[in-house]
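J.: Here my numbering = 1-based position in the sequence shown + 1.
Quick one: the structure is below, and I'll ask about it shortly.
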Amino acid sequence: MASVDFRGVRKNYGTTTVIHGVDMQVADGEFVVIVGPSGCGKSTLLRMIAGLENITRGEIAIDGRVVNNVAPKERDIAMVFQNYALYPHMTVADNMGFSLALRGTAKPLIAERVRAAADILGLVPYLERYPRQLSGGQRQRIAIARAVLSDPRILILDEATAHVDPEAETLIERGVAELMKGRTTLVIAHRLSTIRNATLIVVMDKGQIIEQGTHDELVAKAGYYAALERTFRRQGA
2 MASVDFRGVR KNYGTTTVIH GVDMQVADGE FVVIVGPSGC GKSTLLRMIA
52 GLENITRGEI AIDGRVVNNV APKERDIAMV FQNYALYPHM TVADNMGFSL
102 ALRGTAKPLI AERVRAAADI LGLVPYLERY PRQLSGGQRQ RIAIARAVLS
152 DPRILILDEA TAHVDPEAET LIERGVAELM KGRTTLVIAH RLSTIRNATL
202 IVVMDKGQII EQGTHDELVA KAGYYAALER TFRRQGA
């Protein structure tokens, strides 16, 4: 687990500023959901935590250590995107346990941990199959399980359920909630059930954080989030 601090973080692409001086504190073990309109900077913010985007100005610190110039592989972060990247020549079980195998983990322990994660995510019947034999929702569950089994300090889900059907999305949400208990997790989500469960909701617009708080706190403010929540309700999200 890990805490994350943003201190005056800015991101420019040439002369265009897409993140405007963000300040935010994420506590150790917190479950954070970031919401806001398309293009508001949500993904850019998360990619800067992971080291996939450089920071133009300001600092990002993980457990008090400034990581602006720390390579992505040294940050101990797992990130899952909309588009899963699985090894087509490996079985589901081997894909899920890949990071454990790289560390030299004993095979019986790998099998035990893979089976436990597969049970939570409804993947046990597919462990000996290959990704090409599965649906998009099933493959996305494999990608998430692989990320969790790498035992990162921080898990980032960048709209990881955007292209799966509602039934698969619900299963993924439940599985992630179980697997990530007590772990620092940052998620971009559009489903109200996921957003409500966050310990911290961060609302962004035009590259800035405009509201922060729990679901109940933000609804009570009757501001941007409250209007967004009503939209989600109308859409049945």
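Cβ atoms here follow ideal geometry from the backbone N, Cα and C, with glycine treated the same way.
The model shown is predicted, which means the values in this text are computed figures rather than measured ones.
Name the one or two DSSP bridge partners that Glu1 has.
T.: An answer regarding residue 1 cannot be provided, because it is not within the stretch 2 to 238 covered by the chain.
J.: Ordered along the chain, which non-local residues of its own chain (more than five positions away) have a Cβ less than 8 Å from that of Gly9?
T.: To locate residue 9, count along the sequence shown from 1; it is residue 8. Here the set comprises Gly22, Val23, Asp24, Arg58, Gly59, Glu60.
J.: Tell me the DSSP secondary structure of Asn13 in three-state form.
T.: For this step, residue 13 is matched to residue 12 along the sequence shown. DSSP places Asn13 in strand when its eight states are reduced to three.
J.: Name the DSSP bridge partner or partners of Gln26?
T.: Within the sequence shown, the letter at position 25 stands for residue 26. Answer is Asp6.
J.: Less than 7 Å between C-beta atoms, sequence neighbours within five positions excluded: which residues of the same chain meet that for Gly37?
T.: Counted from its first residue, the sequence shown places residue 37 at position 36. Once the five neighbours on either side are set aside, the close Cβ partners of Gly37 are Lys43, Val204, Met205, Asp206.
J.: Looking at the unbroken alpha helix (DSSP H) that takes in Phe32, where does it start and where does it end?
T.: Within the sequence shown, the letter at position 31 stands for residue 32. Element bounds for Phe32: not the alpha helix (DSSP H) but the beta strand (DSSP E), 32-36.
J.: Figure out for me which residue from Asp159, Gly183, Gln139, Tyr88 has the closest Cα to the Cα of Asp1.
T.: Nothing about residue 1 can be read from this structure; the chain reaches only from 2 to 238.
J.: Do Pro247 and Ala51 have their CB atoms nearer than 8 Å?
T.: This structure gives no information on residue 247, because the portion of the chain shown stretches from 2 to 238.
J.: What does a CB cutoff of less than 7 Å around Ile121 pick up in its chain, not counting 5 residues either side in sequence?
T.: Locating residue 121 in the sequence shown gives position 120, counting from the first residue. Excluding sequence neighbours, Ile121 sits near Gly176, Glu179, Leu180.
J.: In its own chain, which residues sit with a C-beta less than 6 Å from the C-beta of Asp159, not counting the 5 before and 5 after it?
T.: Numbered from its first residue, the sequence shown carries residue 159 at position 158. Closer than 6 Å at the Cβ level, and outside the excluded window around Asp159, lie Ser44, Leu47, Phe82, Ile189.
J.: Under DSSP, the alpha helix (DSSP H) around Asp120 begins and ends at which residues?
T.: Taking the first residue of the sequence shown as position 1, residue 120 is located at position 119. For Asp120, the enclosing alpha helix (DSSP H) stretches over residues 108-121.
J.: May I ask which residues mark the beginning and end of the beta strand (DSSP E) holding Val81?
T.: On the sequence shown, position 80 is the one that residue 81 refers to. Run containing Val81: 78-81, per the beta strand (DSSP E) assignment.
J.: How long is the line joining the alpha carbons of Asp6 and Leu150, rounded to whole angstroms?
T.: Against the sequence shown, residue 6 aligns to sequence position 5. Against the sequence shown, residue 150 aligns to sequence position 149. When only Cα atoms are considered, Asp6 and Leu150 end up about 25 Å apart.
J.: If we ignore side chains and look at the alpha-carbon of each, how far apart do Thr92 and Arg116 end up?
T.: For the purposes of this step, residue 92 is identified with residue 91 of the sequence shown, where counting begins at 1. For the purposes of this step, residue 116 is identified with residue 115 of the sequence shown, where counting begins at 1. Using only the alpha carbons, I get a separation of about 13 Å.
J.: Does DSSP put Gly105 in a helix, in a strand, or in coil?
T.: Numbered from its first residue, the sequence shown carries residue 105 at position 104. In this structure, Gly105 counts as coil in the three-state DSSP scheme.
J.: Quick one: grab the DSSP three-state call for Gly138.
T.: Locating residue 138 in the sequence shown gives position 137, counting from the first residue. In the structure shown, Gly138 sits in a helix (DSSP, three-state: H, G or I).
J.: Glu129 by DSSP, collapsed to three states: which one?
T.: Here residue 129 refers to the residue found at position 128 of the sequence shown. Secondary structure of Glu129 (DSSP, three-state): coil.
J.: For Tyr127, does the count of other Cβ atoms within 10 angstroms reach 16, so buried, or fall short, so exposed?
T.: Looking up residue 127 in the sequence shown gives position 126. With 16 or more other Cβ atoms within 10 Å, it is buried.
J.: Are the beta-carbon atoms belonging to Tyr225 and Ile202 less than 8 Å from one another?
T.: For the purposes of this step, residue 225 is identified with residue 224 of the sequence shown, where counting begins at 1. For the purposes of this step, residue 202 is identified with residue 201 of the sequence shown, where counting begins at 1. For Tyr225 and Ile202, no; Cβs fall outside 8 Å.
J.: Please report the distance separating the alpha-carbon of Ala221 from that of Ile173.
T.: To locate residue 221, count along the sequence shown from 1; it is residue 220. To locate residue 173, count along the sequence shown from 1; it is residue 172. Taking the straight line from one Cα to the other gives about 29 Å.
J.: When you measure from the CB of Lys108 to every non-hydrogen atom of the ligand GDP, does any distance come out below 7 Å?
T.: In the structure on display, the ligand GDP does not appear, and there are no ligands present to speak of.
J.: On the DSSP letters alone, give me the boundaries of the alpha helix (DSSP H) that Val93 sits inside.
T.: Position 92 of the sequence shown, counting from 1, holds the residue named residue 93. Residues 93-97.
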